[in-house]
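As structure tokens, the structure follows; a few thoughts come after it.
Residue numbers (our numbering): 22 to 686.
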């Protein structure tokens with residue numbers, strides 16, 4: 022059914038249309054004659070189009086003749102005419118980039134240098150600007166200088182694949198650009214211009230057409246739209262300043278969340294019609310909310326469109342007909358390994374009892390455990406800042422008091438409890454270990470160490486010890502040990518991470534920390550803490566921080582970036598007694614896997630504390646005592662087969678000899 026059939030049907034059946042005919046003194050027969058005329062005009066147009074083809078002119082020997090100029094014969098072979106595309110959806114709305122579209126139209130309407138260079142990240146909708154200009158030209162909604170213009174995109178991939186010879190390729194390009202000039206009604210578009218300028222032509226399949234283009238870019242009747250990325254612009258276009266001056270650079274940023282919702286609503290109608298499903302508005306809203314939070318390195322609208330497309334297929338494979346918000350949460354959880362959506366009962370129980378669970382591994386340090394538990398609940402409830410890390414903490418205190426162990430406990434309890442449920446491939450502790458990124462700042466004490474932290478591409482490509490793991494596993498706990506030893510320039514990098522939630526790595530890629538918990542540990546101020554404890558005074562956090570500022574160990578603007586600065590107190594003998602119990606229970610668990618039962622006695626714990634009590638070293642000395650006095654003795658007994666499976670043993674508190682108290686039957 023074409024325009025003439027619709028026109029005839031309206032004249033015959035529509036009462037409103039008949040009234041319009043009366044107002045203009047027209048009859049039904051006049052409309053039928055007009056429909057016949059439209060059909061004839063269409064046939065004439067098609068026959069002319071067939072005549073002006075490359076093959077027909079070549080066959081008649083007319084190709085290249087002066088009388089055949091003004092027609093884009095060569096261009097039509099290697100191009101896509103956007104006019105033919107937009108006429109099929111005349112009333113489709115192009116959402117977003119209104120300012121960029123208007124600026125591009127103004128440049129194209131200029132009498133000289135009407136060349137637009139759209140620069141932006143892939144996925145921001147750069148090509149939609151070309152689409153919008155083509156639609157406006159077709160509908161006559163552009164400046165008068167662009168009336169009746171057609172936007173034609175040159176398919177460089179097709180051109181390069183069909184023509185391998187360099188000389189012939191340059192001849193064809195020269196002819197195409199010449200046709201654009203003589204035609205006078207063509208706006209030429211090329212996508213990924215950086216792939217075809219500033220290239221090494223000695224490599225097969227490459228071309229540098231900057232010299233050819235430079236001949237035509239200043240020509241008044243040559244109107245040109247090109248698309249490139251920031252990286253391609255800097256590498257291949259900007260370095261040729263004389264070539265770059267021909268263009269008006271228009272930067273294209275990602276669209277807003279509201280505009281993305283409108284884009285998804287238009288696409289939803291198409292998907293509903295194609296896949297016979299129903300897409301609810303809350304699902305669209307959920308796509309925008311969750312992709313904005315969990316895919317921060319991918320721009321709108323690309324990430325939202327990808328998830329919508331995947332979600333439609335997801336519900337089809339699930340034999341469902343309605344797309345709901347929980348489907349979106351399931352998809353994003355699978356793709357990111359992030360617990361998205363409704364908090365499951367087991368996870369809710371973990372969050373509400375996080376303090377108690379951490380205290381099963383950590384002795385004392387109430388304040389640290391409380392602060393980090395509050396941050397975790399805030400983050401999972403979805404009310405924390407979307408632009409900053411989920412939680413940032415500075416742990417200050419002497420060595421061996423549990424700063425690092427608190428971080429490990431959180432990683433294993435929270436992250437492990439979530440990921441241990443996934444397919445049973447790894448244990449909770451193994452998964453938790455993968456979710457914890459640990460960097461020791463004692464290795465980064467000079468400015469030359471920065472490339473090792475964030476990566477580099479020169480003189481050799483190097484992955485960043487911090488940025489690469491975060492980019493690969495964005496839902497992680499980042500532990501920065503001994504932060505006071507880092508070079509001041511490295512601390513400046515952390516200022517941006519803590520405040521803005523992102524950093525640019527050595528390869529120029531944006532690395533986002535919004536789904537991480539960052540814990541920095543430091544032994545700075547340990548002397549002050551010991552003095553206050555020995556004097557029986559309560560530790561004043563402000564006094565401690567002021568002393569660190571005076572010694573220029575930290576700057577106020579650095580410390581103030583953290584959600585909380587937590588002071589870890591020195592361990593007492595009572596604390597060490599509890600820690601010895603935890604260490605021995607860990608050993609007891611390992612022996613149980615070998616079917617050997619270890620009885621933990623009170624005298625043994627007391628003896629371990631007596632041998633390991635050194636306030637300056639915290640619990641670190643205890644780790645050595647347990648290893649040397651207990652673990653080594655048990656290992657020797659197992660190797661010598663003094664003890665076997667099924668034996669029940671205890672350790673003599675004086676000699677640390679292994680005693681069998683219930684030999685295997």
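Each residue gets a CB set at the ideal place from its N, CA and C atoms; glycine is no exception. Quick caveat: nothing in here was measured; it's all calculated off a predicted structure.
Cβ separation of residue i and residue j, assumed to be a contact under 8 Å, to the nearest whole Å
i, j, result
"residue 96", "residue 200", "5 Å"
"residue 397", "residue 415", "Not a contact, Cβ separation roughly 17 Å."
"residue 527", "residue 485", "6 Å"
"residue 646", "residue 672", "The Cβ separation is near 12 Å, so there is no contact."
"residue 202", "residue 245", "Residue 202 to residue 245, Cβ: 11 Å. No contact."
"residue 129", "residue 258", "That pair is no contact at about 19 Å."
N- and C-terminal bounds of the alpha helix (DSSP H) containing residue i
i, result
"residue 466", "Neither: residue 466 is in no alpha helix (DSSP H) and is coded neither H nor E."
"residue 647", "Residue 647 -> no alpha helix (DSSP H), and no H or E assigned at all."
"residue 38", "36 to 44"
"residue 97", "94 to 98"
"residue 586", "Per DSSP, residue 586 belongs to no alpha helix (DSSP H); it is in the beta strand (DSSP E), 585 to 588."
"residue 600", "594 to 614"
"residue 424", "424 to 431"
Distance cut-off 7 Å: residue i Cβ against heavy atoms of the ligand NAP
i, result
"residue 494", "For the structure depicted, the ligand NAP is absent and the ligand set is empty, with no information on it obtainable."
Neighbour-count burial assignment, residue i, 16 or more Cβ in a 10 Å radius
i, result
"residue 381", "exposed"
"residue 490", "buried"
"residue 377", "exposed"
"residue 445", "For residue 445, the predicted model reports a pLDDT of 38, less than 50, meaning its position is unreliable and no value from the coordinates is stated."
"residue 419", "buried"
"residue 37", "exposed"
"residue 163", "buried"
"residue 121", "buried"
"residue 294", "exposed"
"residue 495", "buried"
"residue 687", "Nothing about residue 687 can be read from this structure; the chain reaches only from 22 to 686."
"residue 175", "buried"
"residue 688", "Here the chain covers residues 22 to 686 and nothing more, so residue 688 does not appear."
"residue 687", "Since the first residue of the chain shown is 22 and the last is 686, residue 687 is not available in this structure."
"residue 147", "buried"
"residue 315", "buried"
"residue 341", "exposed"
"residue 557", "exposed"
Segment limits, beta strand (DSSP E) that includes residue i
i, result
"residue 247", "244 to 249"
"residue 141", "136 to 141"
"residue 416", "412 to 417"
"residue 272", "269 to 273"
"residue 238", "First-last for residue 238: undefined, no H or E at that position."
"residue 620", "618 to 620"
"residue 532", "531 to 533"
Close-in-space but distant-in-sequence residues of the same chain around residue i (CB under 6 Å, 5 per side omitted)
i, result
"residue 409", "522"
"residue 689", "Summary: the structure shown does not reach residue 689, with the chain confined to residues 22 through 686, and so no result is reported for it."
"residue 88", "For residue 88, the predicted model reports a pLDDT of 39, less than 50, meaning its position is unreliable and no value from the coordinates is stated."
"residue 562", "588"
"residue 197", "95, 96"
"residue 303", "346"
Three-state class that DSSP yields for residue i in the structure shown
i, result
"residue 177", "helix"
"residue 324", "helix"
"residue 502", "strand"
"residue 681", "strand"
"residue 47", "coil"
"residue 574", "coil"
"residue 525", "strand"
"residue 671", "strand"
"residue 210", "strand"
"residue 361", "coil"
"residue 102", "strand"
"residue 542", "strand"
"residue 299", "strand"
"residue 190", "helix"
"residue 228", "coil"
Close beta carbons around residue i, own chain, < 7 Å, minus the five adjacent residues each side
i, result
"residue 275", "145, 320, 321"
"residue 115", "149, 152, 153, 156"
"residue 283", "116"
"residue 335", "348, 352"
"residue 260", "219"
"residue 44", "none"
Sequence-distant residues of the same chain with beta carbon closer than 8 Å to residue i, five excluded per side
i, result
"residue 602", "621, 626"
"residue 600", "384, 592, 640, 643"
"residue 551", "419, 591, 636, 637"
"residue 32", "38, 39, 42, 49, 52, 53"
Neighbour flag for residue i against chain C, beta carbons, 8 Å
i, result
"residue 492", "Within the model displayed, chain C is absent; a lone protein chain is all it includes."
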